[in-house]
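Asks:
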Amino acid sequence: MLKSSKSLHNNISEENTLYRPQIHFTPKSKWMNDPNGMFYLNGTYHLFYQYYPDGNVWGPMHWGHATTNDFIHWEEHDIALFPDELGYIFSGSAIVDYHNTSGLGDGNTIPVIAIFTYHDPEKEKNGEEEYQTQGIAFSLDEGFTWKKYEGNPVLPNPGLKDFRDPKVVWDEERNSWLMVLSTYAKTLFYRSKNLIDWKYLSSFGKDLGAHGGVWECPDFFQLQVNGIGEKKWVLLQSINPGGPNGGSGTQYFIGDFDGVEFVIDSEFQKQLDRYGAIWLDYGRDNYAGVTWSNVPEEDGRRLFIGWMSNWNYADKVPTYQWRGAMTIPRELSLKRVESKGYSLQSLPVKELIDNSDLIYELNEPLRTKTFDISKDEFADGISFKIELEDLSDNVYTFSWSNNKGDSLEFGLDAISNTFFIDRSKAGNTNFSNQFLIEKLTYKLEKEVQGLSLEVVIDKTSIEIFVNEGEHVFTEIFFPKYKMTNMSLFAKKELTIKSLKTYKIKSYV
Ligand code: FRU
0 MLKSSKSLHN
10 NISEENTLYR
20 PQIHFTPKSK
30 WMNDPNGMFY
40 LNGTYHLFYQ
50 YYPDGNVWGP
60 MHWGHATTND
70 FIHWEEHDIA
80 LFPDELGYIF
90 SGSAIVDYHN
100 TSGLGDGNTI
110 PVIAIFTYHD
120 PEKEKNGEEE
130 YQTQGIAFSL
140 DEGFTWKKYE
150 GNPVLPNPGL
160 KDFRDPKVVW
170 DEERNSWLMV
180 LSTYAKTLFY
190 RSKNLIDWKY
200 LSSFGKDLGA
210 HGGVWECPDF
220 FQLQVNGIGE
230 KKWVLLQSIN
240 PGGPNGGSGT
250 QYFIGDFDGV
260 EFVIDSEFQK
270 QLDRYGAIWL
280 DYGRDNYAGV
290 TWSNVPEEDG
300 RRLFIGWMSN
310 WNYADKVPTY
320 QWRGAMTIPR
330 ELSLKRVESK
340 GYSLQSLPVK
350 ELIDNSDLIY
360 ELNEPLRTKT
370 FDISKDEFAD
380 GISFKIELED
390 LSDNVYTFSW
400 SNNKGDSLEF
410 GLDAISNTFF
420 IDRSKAGNTN
430 FSNQFLIEKL
440 TYKLEKEVQG
450 LSLEVVIDKT
460 SIEIFVNEGE
470 HVFTEIFFPK
480 YKMTNMSLFA
490 KKELTIKSLK
500 TYKIKSYV
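Residue numbers for the sequence shown, in numbering that gives the first Met the number 0: 0 to 507.
#1: Could you tell me which of S342, S138, L85 sits nearest to I109, measuring between CA atoms?
#2: Cα-Cα, which of R19, Y251, F47 is closest to F220?
#3: How long is the line joining the alpha carbons of Q133 and W321, rounded to whole angstroms?
#4: Taking the Cβ atom as the reference point for each residue, do L207 and Y199 lie within a distance shorter than 9 Å?
#5: Hey, is F47 close to the ligand FRU, as in C-beta under 8 Å from one of its heavy atoms?
#6: Given 8 Å as the limit, tell me if D83 has its C-beta closer than that to any heavy atom belonging to the ligand FRU.
#7: Tell me the residue span of the beta strand (DSSP E) that contains Y501.
#8: What does the alpha-carbon distance come out to for the pair P59 and M31?
#9: How far does the alpha helix (DSSP H) with Y18 in it extend, from its first residue to its last?
#10: Leaving out five residues before and five after Y312 in sequence, what residues of the same chain have Cβ atoms less than 7 Å from its Cβ?
#11: Just to confirm the assignment, what range does the beta strand (DSSP E) spanning P347 have?
#12: Whose CA, out of I11, T25, F70, P34, lies closest to the CA of D353?
#13: Taking the continuous alpha helix (DSSP H) assigned at Q270, which residues delimit it?
#14: Helix, strand or coil: how does DSSP classify A313 here?
#15: What does DSSP give as the partner residues of G254 in its beta bridges?
#16: For a quick check, are the C-beta atoms of L40 and F24 less than 9 Å apart?
#17: Please list, in chain order, all residues of the same chain as N416 whose beta carbon is under 8 Å from its beta carbon, the five residues on each side excluded.
#18: Around the Cβ of R422, are there at least 16 other Cβ atoms within 10 angstroms (buried) or fewer (exposed)?
#19: Going by CA-CA distance only, name the one from V455, E337, E330, K499 that's closest to G371.
#20: Look up E141 in the DSSP assignment and say whether it is helix, strand or coil.
#21: May I ask whether a heavy atom of the ligand FRU can be found less than 8 Å away from the beta carbon of M60?
#22: My understanding is that P165 touches G104, with C-beta atoms under 8 Å, so please give their C-beta distance in whole angstroms.
#23: Apart from the five residues just before and just after L1, which ones in its own chain have a Cβ nearer than 7 Å to its Cβ?
#24: Taking E330 as the reference, give the member of G299, N401, V336, E149 with the closest Cα.
#25: Can you tell me whether S505 is helix, strand or coil according to DSSP?
#26: Measuring CA to CA, which of F38, G248, T369, W57 is closest to T290?
#27: Cα-Cα, which of Y48, E337, F464, N193 is closest to H98?
#28: Identify the continuous beta strand (DSSP E) that holds L365 and give its terminal residues.
#29: Take every Cβ of the stretch 356–366, pair it with every Cβ of the stretch 456–473, and state whether three or more of those distances are shorter than 8 Å.
#30: Apart from the five residues on each side of it in sequence, which residues of its chain come closer than 6 Å, Cβ to Cβ, to E453?
#31: Excluding five sequence neighbours on each side, which residues of the same chain lie with their C-beta closer than 8 Å to the C-beta of P472?
#32: Report back the beta-carbon spacing between T459 and P20 to the nearest angstrom; my notes put them in contact at under 8 Å.
#33: By the three-class DSSP mapping on this structure, what secondary structure does L351 have?
#34: Roughly how many angstroms lie between the CA atoms of T318 and I11, to the nearest whole one?
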């Protein structure tokens, strides 16, 4: 049966014009959720994703496939993995097996191995608990066509109802593969020499972080602190519900890994004691994100992408031809701040600016109360970087709007030291009563003297990176009419120290 709800728009082209993002990946048609199996090989970044090709709501899961060379142009390919008698193909990861540790290579080409969860809907229906197992598939043509391994599942279910979303990483120090996967309220760690035989190591998460829902889609990687010297391990752990603003969200943990157990850093523990959980993104629409494998050492970046939606309303958002978009790919880095300890920063990949046209640059600092950052001609998408100074006793409101009454507002209330986003007047909000429109507020730890923002807007999404990516907010919205103006209003005069505005080109 085709599970589709009907379009409110008169035609597909109207929906595309108003809502189809220009540089963010969306499938040409039908339903998409989590990013899966991302790897880099020979100049190409591969992205797979949870995909239901027969409907615009969630259904039997496949892995869709797209590639990019620059994170801006995306090319969609044939479906990579189809459900089979072991079940639907849920989320997972992929790695490049250079040394053919799996033995699945043919001696001529480098095998790429996908590790994913099989979800058996029959077992689930019959009330059995052990309906999720881990399977693998391999590709001998750099990820375009795949064969499932005959001995699947490689990791049977150990008696856990939720047992899914394996992320495999190479453990350089111990010359073997590590797998993290999520169960109801924990991350499980496994190790393997050949990607086929897995040994259980440990579990993580008891009494740590947020536990308001099911843990899903973990990722685990090492980063150098401040780009030099000391290395720490980072665990990303999505959770739904129980996110920071209702529904889905991704928390993270920083610590050390001794080859068996992941132990939280003592300074990071203090942050947890204070805030309960630390989130990768404090907006409502960045979920199940993970990072690319095999990014070359010369590049050295840890690159992330998330699903730009929230399970609370993902299947109701008012696009009908397709449903679901990814975030802008982001570079993650680890910073140590004296007063607080380690923190994970995210910024848009540099390719975004490299592929956008600079349309305005402020030549010298400006004292003002209001400023038009862009007008009509830049409609549909804009990105800008702005630095503000003299922030005391003032409220700075940015507004992305049209002259028909739609406006998305965000900014900083420096009186209460609160960052805010308000999508309540940004257009169509009544497609789901779960589409939360209360003003989102986020209290900054300390008074800020200056504020730097990098903002990316692409028709239906806003991604705000505050102070070099220290705080991130990702939200989706659905204007009734094309948005045309970006402006800044302040209660009192302020100094705009610098501003660069870019036009996002359309690539769809
Ligand atoms: C997260 C998730 C995963 C699962 C997939 C199913 O959004 O629930 O845990 O593998 O989606 O599509």
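Glycine residues also receive a C-beta, built at the ideal position from the N, C-alpha and C atoms.
Replies: Based on what the coordinates show:
#1: Residue nearest to I109 within the set S342, S138, L85 is S138 (criterion: CA-CA distance).
#2: Looking at the Cα atoms, Y251 is the closest of the given residues.
#3: In a straight line, the C-alpha of Q133 is about 28 Å away from that of W321.
#4: Their beta carbons are not under 9 Å apart, which means L207 does not touch Y199 by this criterion.
#5: For F47, the CB stays at least 8 Å from every heavy atom of the ligand FRU.
#6: Outside the cutoff, so no.
#7: Its beta strand (DSSP E) spans residues 484–502.
#8: When rounded, the distance between both Cα atoms is 11 Å.
#9: Note, Y18: alpha helix (DSSP H), 11–18.
#10: If we look at Y312 and ignore the five residues flanking it on each side, its Cβ neighbours are S431, Q433, F434.
#11: Where P347 is concerned, the enclosing beta strand (DSSP E) stretches over 340–347.
#12: With distances taken between CA atoms, D353 lies nearest to F70 out of I11, T25, F70, P34.
#13: Its alpha helix (DSSP H) spans residues 265–274.
#14: Annotated three-state conformation of A313 is helix, per DSSP.
#15: Within the DSSP bridge table, the entry for G254 names W232, I263 as partners.
#16: No, Cβ-Cβ distance for L40 and F24 is not below 9 Å.
#17: Excluding positions up to five away in sequence, the list reads K442, L443, K445, E446, V447.
#18: Answer is buried; the Cβ neighbour count reaches 16.
#19: A small fix is needed here, since residue 371 is Asp in this sequence, not Gly. Checked all of V455, E337, E330, K499; the closest Cα to D371 is K499.
#20: Collapsing the DSSP output to three states places E141 in coil.
#21: For M60, the CB falls within less than 8 Å of some heavy atom of the ligand FRU.
#22: 20 Å between Cβ atoms; not a contact.
#23: Here the model assigns L1 a pLDDT of 35, short of 50, so the residue's position is not dependable, and the following value carries that caveat. Only D53, G54 meet the Cβ criterion.
#24: Closest option to E330, Cα to Cα, is G299.
#25: Here S505 sits in coil by DSSP.
#26: Closest by C-alpha distance to T290, out of F38, G248, T369, W57, is F38.
#27: The residue from Y48, E337, F464, N193 with its alpha-carbon nearest to that of H98 is N193.
#28: Run containing L365: 365–373, per the beta strand (DSSP E) assignment.
#29: No: the two stretches stay apart, fewer than three of their Cβ pairs being nearer than 8 Å.
#30: Excluding five sequence positions before and after E453, the CB atoms of its chain that fall closer than 6 Å to its own CB belong to K384, F464, given in chain order.
#31: According to the sequence provided, residue 472 is Phe. The question's Pro does not apply to it. The answer, listed in chain order, is D280, Y281, G282, F409, F418, I420, L439, Y441, I461, E462, I463, V465.
#32: Contact between T459 and P20 holds: their C-beta atoms lie close to 6 Å from each other, under 8 Å.
#33: If DSSP states are grouped into helix, strand and coil, L351 belongs with the helices.
#34: A straight-line Cα-Cα distance of about 9 Å links T318 and I11.
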